[in-house]
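*Asks:* Chains as they are written, first to last, in my numbering: chain A, 186 to 564; chain B, 186 to 564.
Below is the structure I would like to discuss, written out as structure tokens.
Below you can see the structure in the form of structure tokens.
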């Protein structure tokens, strides 16, 4: 099999004058070192965590595209007040796309790298919105016989995030979970994991149709934050499950604080658990997303044993160590088409990704909508 | 030595109709069990953490006193919107006062309890605003020969809090500290500890005279949050010290968020430390007080590796374990009149505590002002 000498890779640049630019660049085909492999990328998803980086907080409602094929360029304005937060990346053309899957078409000399040659693998490592990408062989997850690259494209971000939420729960001494934006692709996986593992999960959604998605999945606790009875329903569910850990995808506003208030109110129902400085059991909300970009507001009306903080998969995996990472990955490979199945709204070529109307579709991050980039599609 | 059959103890009650009531009640002298001792309380400080409980978030500007001597009663109104947070304590007459010192006048049968008989000890355990109090012998810290009850009255809350901040720093992998309201009695102790232990400390204050207090103590980093250059000064100091942990006494408003922003800006100055998801090193702010009762607002403009949370001494000590607690206490006893010396604005009898004007003085929590209750003073 002979490889082309060059390939196309997507880049995202924030310019000093406040513009987001996305376009394809031509790269030379690399030669893998001992422990590296080159993957011909066949499928790579657009996750919310990718969008944050690729669109650089620009205003996609004002995005426009020019040119066609490999020359298409997307531009979008960035509000001046956002620019200071982007200082560290100005005028750097960043490769984007955190995960993907495809066939290993070149491998370094090491036994492990060689063993992957010709195999369909999923990989994490950045720069996946490209026709090819070179990665460390250790960052590859060989798919089981019969599983396709499209089935394996989302093997890392959502599956490992959902599994790591349950791991975090165990490592930090909690016994049940609260999750917001709970009808998302990730939230559905989390429901399947919790049901399989016997972990109680309180699902928070905003809309009736999201309630229905979770009801169809067999979820036991579904709380709608748009209802007048939200706080009472939440306290009841937290009291029943004993959840003292929440993962919040929205990040902004009062939701994290409301969850802590509900945990405290639930604790106060148990005689003896309450002291004048609040309940003694630590109550934690991790913000792992920023669907709501407004400030986070905390009332602090929940005693002294509480925490709010950012949560990021790579940081968790680095802390948890190799043994945990290997265990979680092997579960993903085994349950790829069941627990961790993803479905996609549409498949896009690399050029489609740069179409302004298409950008607005994936930037909307609607529940149940998810896009798959197929870099081998004609551009 | 014969003990009286009854003694006076201060109580604080939040009534269902929104009133704070403080008054003395007569209690029967208890008989200590095996591991208990009875202390004749000679000196007990009014700490901010005591005030929060004793005044129950009432409006002390509208407080009034009636009666005299043992019959004096203090009342103050509580705003209706605060009442839900006080639900768990309604109509309970709570004993108050977290720490104090005095002479052991009765002891249970155990060897350790007997060994304390006649000794001057400091103790933590609640209900210290009283002429006598019964405590577990293990909660007593025998003062060194020659140290008085007044010198030992504040042996626990401030000394152990300051020491535990440095312990927390080490346990959680940080190497330098940021502290707010840094000219307080606690802040001054923290400066002495950090100087002795070679720990870099960034002191945040609001006023020129507070800067002066810390300059006189030999503090190296003193940042004034009222100055226009506050954020720049803070980033510079955090960059120089490498501080990634802060303890904030104010709790409300933007200060915690500003500290995290400064930590992130300092990290971004170090090439390689910055990724698109923010700096990788965990940045933490613990809120251990609530001088600012407004909501805490977080901008989240500091990546994903950050946390904000409540911090309470008893919760920390429970987590750190007995070995740590014993080590910290023994340091307090040894350095009681140097590192951990407290000075007091005024000495109050139990009846003085119930005088409305006096209440307003201690509720003001002015920097450098601290009151000592002497329950053996004539009421």
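Don't be surprised by glycine CBs; every beta carbon is placed ideally from N, CA and C.
First and last residue of the beta strand (DSSP E) that includes residue 325 of chain A?
*Replies:* 325-327
*Asks:* What three-state label does DSSP hand residue 204 of chain B in the structure shown?
*Replies:* Strand, per DSSP.
*Asks:* In three-state DSSP terms, what is residue 242 of chain A?
*Replies:* coil
*Asks:* May I ask which residues mark the beginning and end of the beta strand (DSSP E) holding residue 543 of chain B?
*Replies:* First-last for residue 543 of chain B: 541-548, but that is the alpha helix (DSSP H), not the beta strand (DSSP E).
*Asks:* Which chain D residues are close to residue 240 of chain A, counting only those with a beta carbon under 7 Å from its beta carbon?
*Replies:* Although the question refers to chain D, the structure presented lacks it and instead comprises the protein chains A and B.
*Asks:* Taking only the alpha-carbon atoms, compute the straight-line gap between residue 360 of chain A and residue 295 of chain A and give it to the nearest angstrom.
*Replies:* 42 Å
*Asks:* Could you run through the stretch 442-455 of chain B and flag, in chain order, every residue whose CB is less than 7 Å away from some CB of chain A?
*Replies:* 453
*Asks:* Do the CB positions of residue 525 of chain A and residue 349 of chain A come within less than 7 Å of each other?
*Replies:* no
*Asks:* Looking at the C-beta of residue 192 of chain A, does it have a partner C-beta in chain B at a distance below 7 Å?
*Replies:* no
*Asks:* Starting from residue 285 of chain A, follow its DSSP beta bridges and name the residues at the other end.
*Replies:* A:308
*Asks:* Among B:283, B:322, B:314, which residue has its Cα nearest to the Cα of residue 537 of chain B?
*Replies:* B:314
*Asks:* Can a CB atom of chain A be found closer than 7 Å to the CB of residue 553 of chain B?
*Replies:* no
*Asks:* Hey, quick one: how far does the alpha helix (DSSP H) through residue 375 of chain A stretch, first residue to last?
*Replies:* For residue 375 of chain A, the enclosing alpha helix (DSSP H) begins and ends at 370-382.
*Asks:* At least one CB of chain B closer than 7 Å to the CB of residue 318 of chain A: is that the case?
*Replies:* no
*Asks:* Along the stretch 479-492 of chain A, where does the CB come closer than 9 Å to a CB of chain B? Name the residues.
*Replies:* 480, 481, 482, 483, 484, 485, 486, 487, 488, 489, 490, 491, 492
*Asks:* How far does the alpha helix (DSSP H) with residue 162 of chain B in it reach, from first residue to last?
*Replies:* For residue 162 of chain B there is no data in the structure shown, the boundaries of chain B being 186 and 564.
*Asks:* Give a yes or no on contact between the stretch 261-276 of chain A and the stretch 328-337 of chain A, applying the rule of three or more CB pairs nearer than 8 Å.
*Replies:* Contact between the stretch 261-276 of chain A and the stretch 328-337 of chain A is absent, because fewer than three Cβ pairs lie under 8 Å.
*Asks:* Relative to the C-alpha of residue 497 of chain B, which candidate in A:514, A:460, A:510, A:272 has its C-alpha closest?
*Replies:* Checked all of A:514, A:460, A:510, A:272; the closest Cα to residue 497 of chain B is A:460.
*Asks:* Determine contact between the stretch 297-305 of chain B and the stretch 551-563 of chain A, defined as no fewer than three beta-carbon pairs at a distance below 8 Å.
*Replies:* no
*Asks:* Given that residue 236 of chain B touches chain A, what residues does it touch there, using C-beta distances under 9 Å?
*Replies:* Taking a Cβ-Cβ threshold of 9 Å, none of the residues of chain A is close to residue 236 of chain B; the smallest such distance is about 12 Å.
*Asks:* What does the alpha-carbon distance come out to for the pair residue 257 of chain A and residue 473 of chain A?
*Replies:* 33 Å
*Asks:* Alpha carbon to alpha carbon, what distance is there between residue 394 of chain A and residue 414 of chain A?
*Replies:* Computed Cα separation, rounded: 18 Å.
*Asks:* Is DSSP giving residue 232 of chain A helix, strand or coil here?
*Replies:* coil
*Asks:* Does DSSP classify residue 272 of chain B as helix, strand or coil?
*Replies:* helix
*Asks:* Taking Cβ-Cβ distances below 7 Å as the criterion, which residues of the stretch 460-471 of chain A are in contact with chain B?
*Replies:* 461, 462, 465
*Asks:* Report the three-state DSSP secondary structure of residue 299 of chain A (helix, strand or coil).
*Replies:* helix
*Asks:* What does residue 475 of chain B touch in chain A if you count any residue whose Cβ is under 8 Å from its own?
*Replies:* 485
*Asks:* What do you get for residue 376 of chain B, buried or exposed, if any count of 16 or more other CB atoms within 10 angstroms of its CB means buried?
*Replies:* buried
*Asks:* Just to confirm, are residue 437 of chain B and residue 365 of chain B a CB contact at a threshold of 7 Å?
*Replies:* Contact flag unset, no.
*Asks:* Report the three-state DSSP secondary structure of residue 410 of chain B (helix, strand or coil).
*Replies:* Coil, per DSSP.
*Asks:* Pull up the CB-CB distance for residue 338 of chain B and residue 292 of chain B, whole angstroms please, since I reckon it's below 8 Å.
*Replies:* Contact doesn't hold; Cβ gap of about 21 Å is too wide.
*Asks:* Please classify residue 329 of chain A as buried or exposed, where buried requires at least 16 other C-beta atoms within 10 Å of its C-beta.
*Replies:* exposed
*Asks:* Is residue 400 of chain A near the ligand GTP - that is, is its Cβ less than 6 Å away from at least one heavy atom of it?
*Replies:* What this structure holds is no ligand at all, so the ligand GTP is not there to describe.
*Asks:* Please name the residue, chosen from B:424, B:527, B:400, that lies closest to residue 456 of chain B on a Cα-to-Cα basis.
*Replies:* B:424
*Asks:* What would DSSP say about residue 359 of chain B, mapped onto helix, strand or coil?
*Replies:* coil
*Asks:* So for residue 212 of chain A, helix, strand or coil by DSSP?
*Replies:* strand
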